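Chains as they are written, first to last, in the numbering used here: chain A, 1 to 786; chain B, 1001 to 1404.
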Amino acid sequence: MSPSRRSFLWTMGAAATAYGIQDTTRVFWSPEPASQAGWTPGIEKHLTSTCLVCPARCGIRGRVVDGSLIRLTGNSLHPMNRGGICPRGVAGVQMLYHPERIAAPLVRVGPRGGARWRAVSREDALVLLLERLRELRSAGHPETLALLAGFCSGTMEDVWRQFLTAYGSPNYVADDYQDGTESVMRLMHGIDRRPGYDLERAAFVLSFGAPLFESWWSPLQAFVAYADPDERNGQRPRFVQVDTRFSRTAAQAQEWVGIRPDTHGVLALGIAYVIIRDQLYDTRFVADHVSGFEDSIDAEGHLREGYRSMVLRSYRTEEVSAATGVPVERITSLARAFAENQPAIAVCGMDVTHAQRGLMAGMAVHSLNVLMGSVNRPGGVLFGQDPPVAPLVTPVMDDTATIGLARGPAGGAGPQLGAHGAANRFAGAVVDGEVTVDTILLYYSNPLASSIHPQTWRAALARVPFIVSFSPFLDETTSQADLVLPDLLPYERWQDASPPASYPYPVWGLARPLVDPGTSGMHSGDAVLALARQLGGSVAESLPYDSFETLLKQRARGLFAVRRGMLLGNAFERRNQRRMEERGWWLAEHAEFEPFWQDLVERGGWTDPFFDHTDPARLAQTASGRVELMPDAFARGAVAAGLGPASYLALDTVKSAASTDFPLRLIPYRLSTLASGTLALERWMSEAPSLFPNVHWNPWVEVHPETARALGFHDSDYVWVVSSRGRIRAQLKVFPGTAPDNVCLPYGLRHPDGALANPLQLLDGDHDVLSGLASWSSTFVRLERA
Amino acid sequence: MMSMSPQRTVIRWSLRSVGLLACYGLAMAPALGAQSGSAIPGDPIAGGRMFVARQCVRCHSIWGNGGTLGPDFATVGAGRSLQQLAGMFWNHTPRMMETVRARGIDWPTFTETELADVISYIYYVKLFDEPGDPVLGERWFLEKQCMQCHSVGGEGGAVGPPLDGYARYVAPIALSQGMWNHGPSMQARQVADGIPMPTFVGREMADVQAYIRRTSNLRNREVVLLQPPNPNIGRELFSAKGCVRCHGPAGKGTRYGPNLLKATQQLKVSEIAGQLWNHSAKMAAAMRDRGITFPQFRGTEMADVIAFLYYLRFYETEGDAQIGAVLFAEKGCANCHTPVDGASIGPDLSKSQAVLTPLGLATAMWDHAPAMYDRMQSAEVEWPRFEGNEMRDLSVFLRSMARN
């Protein structure tokens, strides 16, 4: 029915009247001028900084309006993340304004863990700690002070270590991320440093269980190489993911190779078999730079089998296929692709090294890089260098400090070939009464939530009279503290932050306050400097810095004086700088330090895109000066550990320990959104999709469809995942990307009621006796209906 | 705390993008900033900024870094003088015009100084060697019998010092300078031992340096990166070291030494250094005869002198006016600027101030290129091209016409 002229006019008139009324309301509304009400229009700023949420240390930019942080994005000038940012980085805004943030320093009232606190001033809190520290030194027992440090690097780590050294405590206890690859490098290259991977100049990336695009050292580094490489004329590397499950990284890669757990090293040696058999390896590199490839006669006249013989004898593709589940044809094609697409990199992930024979497996994976000469060359494995910042002053130690340090670290030095598991050894030593700890400082460590052995930690903490936490949130361990000195949030404080070793080029990222820190907390760095100052004497002399900010500025003088590198810049600038330095020339962009510093702050840091591939010290620092494929130290360590003269991995490494009670192998894995499990307060991150866009909020367990069917479970059922050590509740997710005899649980999730669901606390306690790293995939479980 | 403004970003970026030019900025920018009073027109620092700010980088690259639509300025036009480069720019105007219009980019215009800066920058970047080839370097090291006297990586003779220490340098200029400084004694020893005097051509010196770096036993190297050479300092050194006594004030030669202009065409630092070495025995003998002390170089002095020599050919003001007159007619310039009949379309160049300097002419041609292009398109006139020294000769002719 078409409208009549009358109805049309009536409608238009009504509409005009309505609009007029609305407009009239708007026009005639006459509040007092905003400025008279104490409000002025927003002032917007964009400031660069560095993300401190995870070890990747990406460059960020904060949009700040009226002094409030509104949004976080990536700093496009940062060479590693180049404007990219992960969900955790974005969510930093929520963390900053988290309602559960501790508002002031707290002193415990009543029994420990009773959740009763008394707020005190920062000055009073410092005095409480100061008096305790003075008492310990006066009593001649500075070693009874311990620091439990979560991921801590750069100047903050240097300051803590300097403080403890000058104070007299040998107990800097690292409770941080470990993947054991530095042990591999120490054995094979004599270089005690995790390897860097020149991903964006590589043609082929063969990842053995490394979660490159989710929870690796720096997912953004991998994403940049995948999507926007600076070099190779924009040609992207080909990514192949060897993984026990169809992970997010496997989904992102061009190819996924499913593999049985704990057999990554065997597969690597099967690939090596094809490369050697078909003479595809870099013969010149092996001849010039590698030891242990050929058989040799040792000093006692015994024949020592070399890598070549060992591989050709023991790792034929048929047997490797049977052990790993990877078809022979796939092994052969992988080997050829790896050898023919140079430069290629084999990346060793945590799945490889967190196993009973993890160190051996790590060596096996890295031996592929050695075979192809993919070390210390563009597109290969590179040993980076730390940014050349000015050092701290030399620590001064009085007699008290000397005596305290001589008493050695609690828990001992650890396994011969890998100093891992220090935190757990420390806790064990405290529980066993081997050492006395009077005061423990918790710095970004929450072992009651993240440790494999929370019970041990609970017992250990019960034996420590004074617990001090620097956490800005009341996490599980902080809840047990006697004193809480909440740190500022990353967007309120000065800090330096270099990317992890996986990024091989030196970067000195600078985090600086994006917003006014207010009065709720205190920069832990400033707190340490203040404590040192007030302790006086040699401790004060060892840390003679007014503030953390001035200390960072002092350190930047090293960058100003080094005559190489550049302040962070865009792609054109980075490439131009690299080409200049590759030609041997360098420019001074600033003649004076002050403008240099201002520009550094503005741009977010310093970097050097040039890498000297010709320095032999960056290839090997072993006694022989060569890369060791069959290191003597490893053989000695294996004998000492009761493994016999082990030569890499026995093919029967994977002995299934499945039983009727526990028929399924547990595979814990890290999520990109909650990589550490220590930041449990990031609850909103549960909304972020991982591999499954429809799974949120609840911890889940991935089960193969056939397995679920056989057990009578359906998708979304709640189940208990039960091991011999305990159980956790999770929602079942039917997923064909999980092998039928495995179940996979993400690490770091909680239930909506806050209950922890940490699969590591189900592990059976097996570990690699050589490296000390816990085995993540040797535990078997069953599923029960919850 | 301040946020970084876009404008400042561009400036920073520009500065960085021409990183190699900073030495000028620190030491000699004022001297290079203007043509008058300086041997070298144009400030390469400013030229680098301009290169980015005027969006040249969107289409052109330096060392493969930048746009790919146009040629890489570090590789094309090697050894070309300012006027030859200006001619090259002109020749590519039609294609550039179509491209910038298709992409919605404004035609970049320059003042005389700005164009000098940009061309100086483009000229300067070619001075720098690409890293040498260590495999070739090993070959040269053996073939030239360096190994008979010197060792690298523990292998070689012990007559001369080991060369491992040079591995801390990336650029070959330090090696070249070391060779130069020890030239007389090395050459005396070579003569005594019957070892032929090695000569270096092309990139051989850079290759040898790359070989030394690859083979050296020097561990934990603190790489030494050098400040880019400064031709104006080089000019002063050329005089202070006594080079002028044989080669004349502008390197144009005297009866004792040749004109260096020709010897430094299309050459990079290591290539010019090789040339110096090849002639060093002869020079040393000539100096001895004349009682001149053989000059020694320190730091980046040799690189500065080489930069000065490299720039000798940059700014040519001489040419052949008669050829220029023929070109003026043959290229069709006269049809618009001084027509035999009909109204003049373009300005009368005999009265133009723009043609009084080569840079003025180049700038006028560039800035008016869009108008000329459109006019020629509508008249279906082919775009004239200037090859070799044609732009130089045309400039001389126009200058003479304007003066008359």
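The beta carbon of each residue, even a glycine, is placed where N, CA and C say it ideally should be. Owing to the predicted nature of the structure, the values given are computational and were not obtained by experimental measurement.
Asked                                                                                                                                                                        : Found
Helix, strand or coil for B:S1395 per DSSP?                                                                                                                                  : helix
Restricting to Cα atoms, I'd like to know which of B:W1063, B:R1221, B:R1168 is closest to A:R787.                                                                           : Residue coverage of chain A in this structure runs from 1 to 786, which leaves residue 787 of chain A outside it and unanswerable.
Measuring CA to CA, which of A:V464, A:L461, A:P211, A:I70 is closest to A:V796?                                                                                             : Because chain A in this structure spans residues 1 to 786, residue 796 of chain A falls outside the shown range and cannot be described.
Hey, could you find the ends of the beta strand (DSSP E) A:F572 is sitting in?                                                                                               : Not the beta strand (DSSP E): A:F572 falls in the alpha helix (DSSP H), residues 571-582.
On the criterion of 16 or more Cβ atoms from any shown chain inside 10 Å, does A:I331 qualify as buried, or is it exposed?                                                   : buried
When we look at the beta-carbon of A:W700 and count the other beta-carbons within 10 Å, is it buried (16 or more) or exposed?                                                : buried
State the start and end residues of the unbroken alpha helix (DSSP H) segment that holds B:F1200.                                                                            : Careful: B:F1200 lies outside any alpha helix (DSSP H) and carries neither H nor E.
For A:H613, which of B:V1100, B:S1151, B:I1212 has the nearest alpha-carbon?                                                                                                 : B:I1212
Determine the extent of the beta strand (DSSP E) in which A:G605 is found, giving its start and end residues.                                                                : 605-607
B:P1295 touches chain A at which residues, Cβ-Cβ below 9 Å?                                                                                                                  : Chain A residues near B:P1295: none, gap ~23 Å exceeds 9 Å.
Along the stretch 1156-1183 of chain B, what residues have a CB closer than 8 Å to any CB found in chain A?                                                                  : A1167, Y1169, V1170, A1171, P1172, I1173
Can you grab the Cα-Cα spacing for the pair B:L1312 / B:I1272, in whole Å?                                                                                                   : 12 Å
Please list the partners that A:D768 has in chain B, where partner means a Cβ-to-Cβ separation under 8 Å.                                                                    : What A:D768 touches in chain B: nothing, since even the nearest Cβ is about 31 Å away.
Cα separation between A:G536 and A:P142?                                                                                                                                     : 15 Å
Which one of A:R193, A:H189, A:A588 has the shortest CA to CA distance from A:Q178?                                                                                          : A:R193
Between B:D1367 and chain A, is any beta-carbon pair separated by less than 8 Å?                                                                                             : no
Counting only beta-carbon atoms, is A:A390 nearer than 8 Å to chain B?                                                                                                       : no
Got a sec? Which residues, its chain only, sit under 6 Å from B:E1390 by beta carbon, not counting five neighbours each side?                                                : L1327
Keeping to the same chain, check which residues put their C-beta closer than 6 Å to that of B:E1387; ignore five residues upstream and five downstream.                      : none
From the DSSP output, which residues share a beta bridge with A:H767?                                                                                                        : A:A774
In whole angstroms, give me the CA-to-CA distance for A:L130 and A:I440.                                                                                                     : 13 Å
So, at 7 Å on beta carbons, what are the nonlocal neighbours of A:A322 in its own chain, with the 5 sequence-adjacent residues on each side left out?                        : none
Indicate whether the contact test is met: 3 or more Cβ pairs, each with one atom in the stretch 507-515 of chain A and one in the stretch 57-75 of chain A, closer than 8 Å. : yes
Can you list, in chain order, the residues of its chain whose CB lies under 6 Å from that of A:W776, leaving out five sequence neighbours each side?                         : H354, P668
For a test of the three-state rule: what should DSSP assign to A:S183, helix, strand or coil?                                                                                : helix
Can you name the residues that DSSP bridges to A:V205?                                                                                                                       : A:F239, A:I345
Kindly identify the DSSP beta-bridge partner or partners of A:T50.                                                                                                           : A:G59
Taking C-beta pairs closer than 8 Å, name the residues in chain A that B:N1220 reaches, listed in chain order.                                                               : D615, A617
For A:F470, tell me which candidate among A:I102, A:L47, A:R88 has the shortest Cα-Cα distance.                                                                              : A:I102
The alpha helix (DSSP H) with A:Y307 in it runs from where to where?                                                                                                         : 307-314
Excluding five sequence neighbours on each side, which residues of the same chain lie with their C-beta closer than 8 Å to the C-beta of B:D1304?                            : P1229, N1230, P1231, I1233, G1234, L1237
Is it right to say A:A462 is buried, meaning 16 or more other beta carbons lie within 10 angstroms of its own, or is it exposed?                                             : exposed
Who does A:R665 pair with in a DSSP beta bridge?                                                                                                                             : A:N742, A:F780
Output yes if chain A places a C-beta closer than 8 Å to the C-beta of B:Q1227; else output no.                                                                              : yes
Quick check on A:N694: buried or exposed, where buried means 16 or more other Cβ atoms within 10 Å of its Cβ?                                                                : exposed
Determine the burial state of A:F692: buried for a count of at least 16 other Cβ atoms within 10 Å of its Cβ, exposed for fewer.                                             : exposed
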